[in-house]
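Residue numbering for the sequence shown follows the numbering used here, beginning at -1 and increasing consecutively.
The C-beta atom is built at its ideal place from N, Cα and C for all residues, glycine as well.
Bear in mind that the values here come from a model prediction, so they are computed numbers and not experimental data.
Written below as structure tokens is the structure these notes are about.
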Amino acid sequence: MADRSFACEPDAQEAWETWLDNHDDSCFEFEAEVVETEQKSRDKPGRPPKDWGPYETVYKIAASVQRDAAAIAHRKKRASCFVVVTSLEDSEEWAGEDVLQEYKEQQAVERRFRVVKDPKRVGPVFLDRPDRVEALGYVMLMALLVYSLIERRARVALQGADEPMDLAGGPTSFRPTGRRVLERFENMLVSRVDGKREIPDNVDVPKRVLELLDLDVTAYGIESEE
């Protein structure tokens, strides 16, 4: 606003009021006045008018702004307010901060449900009886638990490792997700020969991944190589 010039005082005052309407002033204190000043007239092509002078009178806005500390503190207090409805009535055992912390930690669980809610898994459920749908739900929850344990066990084992785990496709990581760990087993193949389970010689067994999970080939029902 300080760079703008106005032909008359009412125009300057109107422009200032419009600026205030378009800007939030709840946390600031503004002071402004319209001042009369002279500036060099702009040269225009052609013959100048009879009343032309080297200087012209214009009106500008001289404004100052200060932070409203009390208003800012009030807004911060309102922004830090988090409403949580809970059935935990014992305020001595469950202070407000404890309830909020417990609430925020639920994301660690909810992130896992993305696996269960994946349309590729939920879509092909062809069960009619409610009890069977419920039973399948429990199976999926148990599978999700195993999935979480696989991820956790791999990450814990890699905390003290010197080298990261090789992921499918080439990259490496010290904190692989459960999905990236399971991808290493997608090419595994177990054959049954004369009633005995065997892994074909042309199958690359991810032995290090099995070691990180504290497992070996016996997880596939195969006798230990030792």
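Exercise. Are Asp217 and Leu210 touching if we call contact CB-CB under 9 Å?
Worked result: With the sequence shown as reference, residue 217 is identified as Ala, and Asp is not the correct amino acid for it. Taking 9 Å as the cut-off, the Cβ atoms of Ala217 and Leu210 do not count as close.
Exercise. Can you pull the DSSP bridge partners for Ile220?
Worked result: DSSP lists no partner for Ile220.
Problem set entry | Residues sharing a beta bridge with Arg65, DSSP | Residue pairing by DSSP puts Arg65 in a beta bridge opposite Phe26.
For this session: Below 6 Å CB to CB, which residues in the same chain sit around Thr170 once its five sequence neighbours on both sides are set aside?
Result: Taken in chain order, the residues that qualify are Pro162 and Asp164.
Exercise. Near Glu90, which residues of its chain fall below 6 Å by C-beta distance, leaving aside the five closest residues on each side in sequence?
Worked result: The beta carbon of Glu90 lies closer than 6 Å to none in the same chain, with the five residues before and after it left out.
Exercise. Across which residues does DSSP place Met163 in a beta bridge pair?
Worked result: Under DSSP, Met163 takes part in a beta bridge, and its partners are Ser171.
Exercise. Do you know offhand how far Glu34's Cα is from Thr16's?
Worked result: For Glu34 and Thr16, the distance between alpha carbons rounds to 20 Å.
Exercise. Taking the C-alpha atoms as reference points, what is the distance between Leu187 and Ile197?
Worked result: Rounded to the nearest angstrom, the gap between the Cα atoms of Leu187 and Ile197 is 6 Å.
Exercise. Quick check: the region 14 to 31 against the region 60 to 73, are there 3 or more CB pairs under 8 Å?
Worked result: The region 60 to 73 and the region 14 to 31 touch, with three or more beta-carbon pairs separated by less than 8 Å.
For this session: Throw me the rounded Cβ distance for the Ile148 and Val114 pair, which I believe falls under 8 Å.
Result: Not really, about 15 Å apart at Cβ, beyond 8 Å.
Exercise. According to the Cβ coordinates, are Tyr57 and Val82 closer than 9 Å?
Worked result: No, Cβ-Cβ distance for Tyr57 and Val82 is not below 9 Å.
Exercise. Taking the continuous beta strand (DSSP E) assigned at Glu196, which residues delimit it?
Worked result: Element bounds for Glu196: Lys194 to Glu196.
Exercise. Does the distance from the CB of Leu134 to the CB of Val144 come in under 9 Å?
Worked result: No, the pair does not count as a contact, with Cβ atoms beyond the cut-off.
Exercise. Beta strand (DSSP E) containing Val191: first to last residue?
Worked result: Val191: member of the beta strand (DSSP E) spanning Ser189 to Val191, first to last residue.
For this session: Output the boundary residues of the alpha helix (DSSP H) element that contains Thr16.
Result: Note, Thr16: alpha helix (DSSP H), Glu7 to Asp19.
Exercise. Considering only residues of the same chain and omitting the five flanking positions on each side of Thr175, which have a CB-CB separation below 8 Å?
Worked result: Taken in chain order, the residues that qualify are Glu149.
Exercise. Would the beta-carbon of Gln11 be found less than 8 Å away from any heavy atom of the ligand GDP?
Worked result: The ligand GDP is absent from the structure shown, which contains no ligands of any kind.
Problem set entry | For Phe172 and Arg151, the rounded distance between their alpha carbons | Taking the straight line from one Cα to the other gives about 12 Å.
Problem set entry | Coil, strand or helix - Ala0 by DSSP | The answer is coil: DSSP assigns Ala0 none of H, G, I, E or B.
Exercise. Roughly how many angstroms lie between the CA atoms of Ala77 and Glu132, to the nearest whole one?
Worked result: Each residue's Cα considered, the two are about 41 Å apart.
Problem set entry | Simplified DSSP assignment, three categories, for Lys58 | Reduced to three states, the DSSP call for Lys58 is strand.
Exercise. How many angstroms separate the CA atom of Val32 from the CA atom of Phe4?
Worked result: Val32 and Phe4 have their C-alpha atoms some 10 Å from each other.
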